[in-house]
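Undergrad:
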Amino acid sequence: MFKQDRAAAAGAGAGAGLSAASAGGPAASLSREALARIDPQLAADYPFTLNMYAVPPRDELTLTQFELLALDRLRVLRAIETARLRAKSDDDVARLIEPVVNKHLELKRNTLVRAAGPQVLYEQRRKDHISHFILRLAFCRSDDLRQWFVRQEVELFKFRFGIEQQVDRDAFIALANLDLAPVSFEDMCREKMAAAGVAPTAPAAQRQELLSRFAADVRATYPHVVQQHQQQTGGSESDALRRAVFYRVPFERVCELVGRRAVLLMGGAAYVPESERLVLVANAFRAALSDSLMATAKALPRLDEEDRLMPVLDSLARQYLDREYKSTGPRSGTIRHEDIAGLSQHFPPCMQNLYQTLRHNAHLKHVGRLHLGLFLKGIGMPLEEALVFWRKAFHKMSDDEYNKKGYVYNVRYNYGMEGKRTDYTPYSCAKIITSMQPGAGDAHGCPFRHFSPERLGEMMQRLSVSEQGAGEILRTSREGHYQLACTRLFELTRGRVHAAAQAQQNQQAAGQGGPPAFQLVEPIEHPNQWFDLSMGLESGEHKGSARTPAKPGPAANGRMSTPGQVKIQTQTQTQTQTQTPMQTQTQTQTQMDYEFDDVDMDALAELEREMDR
Amino acid sequence: MLGGDSPARVRAADSTAESPARAALAEAGTGEKRAGGGVDGGAANGSPGPRKRWARIDSDSDEGDEHGDDSGARHSGSPAQARQQQPAVVDDLDETALQTMDVDAIVAPIIKQELTADLALLLTIFYKRLFPFKEMHQWLSYGNVDPNYFTHREFSFTQASDAYIRFQSYKTADELKSEILRLCPVKIDIGAVYNVKPKDARAVSSSAFVPLERELVFDVDMTDYDEIRTCCKGAEVCGKCWNFMSIAIKVVDRAMREDFGFKHILWVFSGRRGVHCWVADQRARKLTAEARRAIVSYLEVVKGGENMAKKVNLRGAQMHPSISSSYTICSKYFVPVLLEEMKILSTQERWAKVLQLIPDESIRRNLDAAWKSHPNATDTERWNQLKAALAREQKPMLNTISRDILLQYTYPRLDAHVSIGMNHLLKSPFCVHPKTGRVCVPIDPKACDKFDPSAVPTIEELVHELDKIPAGAGNTDGSSRTPDYEHTSLKPYIDMFKRDFLAGMGESIRSALRAKREDLDKELTF
């Protein structure tokens with residue numbers, strides 16, 4: 001009923017829009033007043049593509065719609081997560097997620113109100129609004145879920161902020177009430193003089209010296225700001241500085257910029273240039289969303305939706321959860337400590353490095369032990385064997401010292417027998433790459449991320465990687481695609497070792513010819529995945545890892561990787577045949593399959609079919 | 001078991017000095033039942049004897065290990081679990097062992113390398129008469145603006161038996177003192193302020209027990225400099241390498257004060273080969289983990305583990321003002337300390353390490369050849385050649401290399417985990433380092449160049465000084481008008497703690513309270 005009203009109102013608005021357009025002519029941007037003339041409802045409810053989601057929607061939905069809207073947004077959020085893993089720069093991320101966002105959650109900008117019609121804009125923004133709130137319900141219930149959801153939503157917000165029109169950004173910020181007081185370079189100079197204890201009445205020479213040094217500091221901190229202002233208006237550097245606008249905020253509000261040393265700090269205040277305003281806005285968005293999620297979590301039990309909504313919400317959230325490596329393979333619990341030396345050829349480079357360091361030094365520091373220990377647990381080494389393995393590995397240490405240092409405790413901890421008694425799972429690549437950065441004396445880390453190019457080169461030489469291949473891997477890791485580099489290394493080393501075993505599959509796959517490539521069914525995202533793949537190749541199974549046992553379908557499909565270009569082969573689903581624009585989508589899909597084997601895949605597929613119709 | 005030989009060894013030792021302090025302790029020992037426990041309790045409990053136990057502490061109590069290595073799992077364990085680790089040493093004393101102990105024998109002169117069971121006795125005297133409980137309590141109460149601040153603070157203790165007791169909390173300074181006298185810990189750690197009294201943490205679920213606030217802390221340890229220092233390794237320190245600590249203090253102290261606007265900063269000697277920093281401003285105590293991470297990353301310049309040779313990679317020729325201020329500090333030390341004293345370019349083995357930081361093969365080869373053919377050149381000459389060789393190249397990438405090398409060899413190396421984790425522990429100021437016996441005294445950042453770690457008083461020196469207090473000047477139970485520390489070489493350090501740290505903080509707290517009260521007054525006059 002309400003929907004009908006809406007459509008009618010939108011229709012009327014569209015009419016008004018047309019007349020306004022003919023009167024005013026095409027404008028580059030559209031003021032809120034103009035938008036209000038075209039469609040007052042749109043201007044009142046959703047004046048921008050950006051939304052702080054402060055007000056919950058008041059709509060009626062069928063249960064199916066509820067689920068479909070949520071799934072669409074979930075696809076986008078998951079694509080964002082994957083893009084963040086794969087790409088380094090914001091631009092690359094934007095490029096990767098744009099097609100997915102446009103497919104599932106497109107929001108047309110205000111300038112398109114006439115071309116697309118205000119009701120389309122309204123519907124799109126309404127869908128965005130509702131789906132956000134549905135996922136809030138699904139993702140408010142644990143710390144992990146909340147964190148994940150906030151991270152992806154902030155990322156989506158930033159992406160949209162980036163493509164929104166400047167006028168609308170400004171208007172959005174004005175409306176969002178962010179409490180930003182702009183300061184000029186002169187204001188900053190005054191504050192600097194006060195901080196340095198130089199009175200405005202001090203000798204001119206003294207002031208001059210302080211201020212020229214300060215100007216140099218400001219230029220060094222914000223080279224792009226000065227450049228930009230100079231490009232826009234010409235003039236000297238100091239003119240450009242004088243025109244620049246900064247926001248003075250407590251440094252705690254822009255941790256991201258502080259961590260990157262992208263702001264000047266003075267007495268606890270950070271001076272944020274206008275170009276980095278997004279960080280302030282995004283942080284306000286993040287803070288508001290985190291608070292609301294906590295509030296939602298508290299309110300959820302009172303909803304009394306046990307039978308109707310809860311099952312849906314559960315299944316939505318579960319698609320994120322449980323993305324852990326579970327040792328379910330046939331080797332589970334059968335690996336003995338004396339097997340490790342023989343198996344180490346199947347270790348991924350990070351674990352091989354740890355294992356060799358351990359062999360060499362008869363010692364490993366804490367995080368290294370954690371990584372290798374959990375990895376070994378993941379490949380199927382039971383606690384009793386692990387205890388023997390680690391004791392033997394630390395052979396230079398006396399029994400007494402070994403016991404006293406708590407290494408036994410450490411090993412038992414990994415197996416959930418001590419401490420929090422959590423059955424810990426091995427670390428994924430993402431975790432190894434992003435958390436617990438190696439410090440002095442640490443051997444852990446992702447070789448592609450934490451090794452110097454020389455050291456990485458040596459490693460590849462030891463693995464007898466061709467010069468061309470090594471160059472490619474170095475380049476890929478330098479660009480920040482650590483997992484792709486690792487995947488490539490697998491293809492080049494493990495692929496060759498098992499070329500014979502694969503020959504047949506390759507022939508089938510290669511169909512149209514091309515060089516015989518040693519294909520991988522999925523990108524390396526977990527050290528244990530490397531191990532499983534490598535072992536799988538050896539035993540000739542040639543299918544996915546232990547984590548995807550139930551997944552039917554073509555395991556090795558037939559795309560070639562052209563030399564000199566890294567292309568990840570994914571376990572493509574039959575319906576996704578399109579190549580490049582769909583690649584992100586495909587990868588996301590694959591990752592899902594890979595990581596969420598607890599999800600009811602049939603139900604998902606069912607939903608998907610419904611979507612396609 | 002092993003403990004069997006220990007009383008015999010102690011008895012066999014010379015007993016020459018008639019020490020009032022120790023005599024007093026003998027009383028305390030029988031009276032309080034705990035004092036001697038450190039000596040024989042272990043044997044009674046069937047754990048290895050005292051000597052062994054101290055050896056254990058020695059071998060493992062490197063600050064670096066504590067935070068970065070082995071204790072990782074323990075430090076993050078749940079309170080309930082941490083308590084499970086604590087053996088029942090404390091309440092389970094063997095009375096007969098106490099009686100058979102020859103107290104006089106313990107007065108034997110103590111050799112530094114062999115701080116054995118005697119340390120337990122020295123510690124009891126130290127905690128009883130010297131440790132500044134009152135001042136520590138005053139600090140950690142922060143003017144009692146929040147009455148829960150002291151009571152909800154985590155203390156944890158490492159005992160001689162290596163029992164590790166986490167999540168303790170106390171109502172008053174006296175309660176803390178009597179508990180410390182009872183446990184006689186070799187190490188006291190201070191943790192965060194929690195939402196629940198840490199002692200009651202067991203009563204609530206682990207997710208409902210969260211750290212709310214803690215000082216922003218930094219831990220700089222000499223082991224992280226092992227790859228660059230040429231004078232010492234591991235636990236050793238000398239005047240040359242102590243310069244690294246001076247640089248760290250100056251760089252971090254400046255950034256904290258000028259960039260972040262913090263005022264109440266306490267620098268403490270870690271007892272052997274490192275320094276700790278406590279930033280105690282209210283704003284610093286309230287920082288989120290994210291903000292702490294940002295600060296660490298703001299300060300961090302030397303990055304990467306053993307597999308990364310070049311650890312300083314600043315982008316571009318222009319340095320952030322904070323880094324360029326630090327660079328100014330670092331460059332003052334580079335020539336006199338790294339080149340002239342440590343001689344990092346004097347042998348091929350040493351200069352190879354420096355040269356591998358240059359990403360240009362031909363420059364590396366040329367310099368290596370030139371230096372080999374002139375074995376008598378000084379390090380400073382070689383450094384100038386290196387700079388000239390890099391400057392000759394027209395590639396902007398190479399022009400910043402000498403700067404990066406300088407920073408890699410001088411810039412502070414912080415233990416990030418300690419600073420970021422709110423629930424991480426840091427050794428309390430005024431503790432005694434169990435291996436060196438030195439007290440973790442405050443360091444004046446303005447005079448850190450003059451700080452000499454080998455001149456820091458040791459526990460045995462201090463106890464000896466206590467013995468020399470003329471009769472009537474002090475009182476053995478510590479209740480005299482002038483505190484005992486006034487008569488020892490600990491005095492200047494405690495005075496500095498009160499004058500430079502507590503007094504300033506008191507002023508800040510008072511003015512904050514005044515402002516609050518004025519606000520209230522304004523409301524009331526309406």
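Residue numbers (UniProt numbering), protein chains in the order written: chain A, 1 to 613; chain B, 1 to 526. Even glycine gets a Cβ: it sits at the ideal position worked out from N, Cα and C. These figures come from a predicted structure and were not determined experimentally.
(1) Looking at the structure shown, is B/Phe131 part of a helix, part of a strand, or coil, going by DSSP?
(2) Check the C-beta distance from A/Ile130 over to A/Pro47 and give it rounded, since I have them as a contact under 8 Å.
(3) Would you grab the beta carbon distance between A/Gly373 and A/Ala362 for me? Rounded to a whole angstrom, and I think it's under 8 Å.
(4) Do B/Ser322 and A/Lys420 have their C-beta atoms within less than 9 Å of each other?
(5) Taking all protein chains shown into account, do 16 or more other C-beta atoms lie within 10 angstroms of the C-beta of A/Pro203, making it buried, or fewer, making it exposed?
(6) Say the cut is 8 Å; is the CB of A/Phe375 nearer than that to a heavy atom of the ligand SAH?
(7) Mind listing which residues of the region 420-451 of chain B have their C-beta closer than 9 Å to chain A's C-betas, in chain order?
(8) Going by C-alpha distance, which of B/Glu393, B/Lys450, B/Val456 and B/His487 is nearest B/Leu466?
(9) Tell me which residues share the same chain as A/Phe251 and place their Cβ nearer than 8 Å to its Cβ, disregarding the 5 neighbours each side in the sequence.
(10) Looking at C-alpha atoms only, which residue of B/Pro185, B/Met222, B/Val145 and B/Phe209 is the closest neighbour of B/Arg413?
(11) How do the region 213-221 of chain B and the region 184-202 of chain B stand: do at least 3 beta-carbon pairs fall below 8 Å, yes or no?
(12) Please specify which runs of the alpha helix (DSSP H), each continuous and at least 4 residues long, are wholly inside the region 387-469 of chain B, giving them in chain order.
(13) Excluding sequence positions up to five away, which residues of its chain have a Cβ less than 6 Å from the Cβ of A/Val312?
(14) For A/Met266, write down the residues that DSSP places opposite it in a beta bridge.
(15) According to the Cβ coordinates, are B/Phe209 and B/Leu176 closer than 9 Å?
(16) Using only the alpha-carbon positions, how far apart do B/Gly239 and A/Gly162 sit?
(17) Can you name the start and end residues of the beta strand (DSSP E) that B/Asp221 belongs to?
(18) How would you call A/Ser398, buried or exposed, if buried means at least 16 neighbouring beta carbons within 10 angstroms?
(19) Determine, using beta carbons only, whether B/Gly38 comes closer than 9 Å to chain A.
(20) Considering only the alpha carbon of each residue, which of B/Lys311, B/Trp139 and B/Met342 lies closest to B/Arg403?
(21) How would you write the range of the beta strand (DSSP E) that B/Asp189 sits in, first residue to last?
(22) To the nearest angstrom, how far is the alpha carbon of A/Leu145 from that of B/Gly316?
(23) Using the Cα positions of B/Asn45 and B/Ser161, report the straight-line distance between them to the nearest angstrom.
(24) Is DSSP giving A/Phe366 helix, strand or coil here?
(25) What separation, rounded to the nearest whole angstrom, lies between the Cα atoms of A/Ser315 and A/Phe133?
(26) In the structure shown, what three-state DSSP assignment does A/Glu306 receive?
(27) Put B/Phe157 into one of helix, strand or coil per three-state DSSP.
(28) Please list the residues of the region 238-260 of chain A that have a C-beta atom closer than 9 Å to any C-beta atom in chain B, keeping them in chain order.
(29) Once the 5 residues before and after B/Lys343 are set aside, which same chain residues still bring their CB inside 8 Å of it?
(30) With the cut-off set at 9 Å, would you say B/Arg182 and B/Ser169 are in Cβ contact?
(31) Going along chain A in order, which residues have a C-beta closer than 9 Å to the C-beta of B/Phe209?
(32) Does DSSP put B/Arg166 in a helix, in a strand, or in coil?
(33) Excluding five sequence neighbours on each side, which residues of the same chain lie with their C-beta closer than 6 Å to the C-beta of A/Arg449?
(34) Where does A/Gln227 land, buried or exposed, given buried means 16+ other C-beta within 10 angstroms?
(35) Answer with buried or exposed for A/Gly406, where buried requires no fewer than 16 other C-beta atoms within 10 angstroms of its C-beta.
(36) Anything in chain A within Cβ reach of B/His487, meaning under 8 Å, just list it in chain order.
TA: The short version:
(1) coil
(2) In fact, because the Cβ distance is near 17 Å, the residues do not count as touching under 8 Å.
(3) Contact flag wrong, Cβ pair sits at about 16 Å.
(4) no
(5) exposed
(6) As presented, the structure is devoid of all ligands, the ligand SAH included, so that no description of it is given.
(7) Within the region 420-451 of chain B, no residue has a Cβ lying closer than 9 Å to any Cβ of chain A.
(8) B/His487
(9) Scanning its chain for C-beta atoms nearer than 8 Å, with the 5 sequence neighbours on each side dropped, one finds around A/Phe251 the residues Val258, Val263, Leu265, Gly268, Ala269 and Ala270, in chain order.
(10) When B/Pro185, B/Met222, B/Val145 and B/Phe209 are compared, the shortest CA-CA separation from B/Arg413 is found for B/Met222.
(11) yes
(12) 396-399, 401-410, 416-420 and 459-467
(13) Glu67
(14) Bridge pairing for A/Met266: A/Ala269 [DSSP].
(15) no
(16) 54 Å
(17) Leu216 to Asp221
(18) exposed
(19) Because the pLDDT of B/Gly38 is 35, which lies under 50, any placement of that residue in the model is unreliable, and the number read from its coordinates should be weighed accordingly. Answer no: the Cβ-Cβ gap between B/Gly38 and chain A never drops below 9 Å.
(20) Comparing Cα positions, the closest option is B/Lys311.
(21) Lys187 to Tyr194
(22) One C-alpha to the other measures close to 39 Å.
(23) Because the pLDDT of B/Asn45 is 38, which lies under 50, any placement of that residue in the model is unreliable, and the number read from its coordinates should be weighed accordingly. Those two C-alpha atoms are separated by around 10 Å.
(24) According to the sequence provided, residue 366 of chain A is His. The question's Phe does not apply to it. A/His366 carries a helical assignment under DSSP once its states are collapsed to helix, strand and coil.
(25) Answer to the nearest angstrom: the Cα atoms are 16 Å apart.
(26) coil
(27) strand
(28) Pro250, Phe251, Glu252, Val254, Cys255, Glu256, Leu257, Val258, Gly259 and Arg260
(29) Within the same chain, Thr230, Arg350 and Asp379 come within 8 Å of B/Lys343 by CB-CB distance, once the 5 residues on both sides are set aside.
(30) no
(31) Within 9 Å Cβ-Cβ: nothing; B/Phe209 doesn't reach chain A, min ~12 Å.
(32) strand
(33) Ile433 and Tyr482
(34) exposed
(35) buried
(36) Correct list: empty, because the minimum Cβ distance to chain A is about 38 Å.
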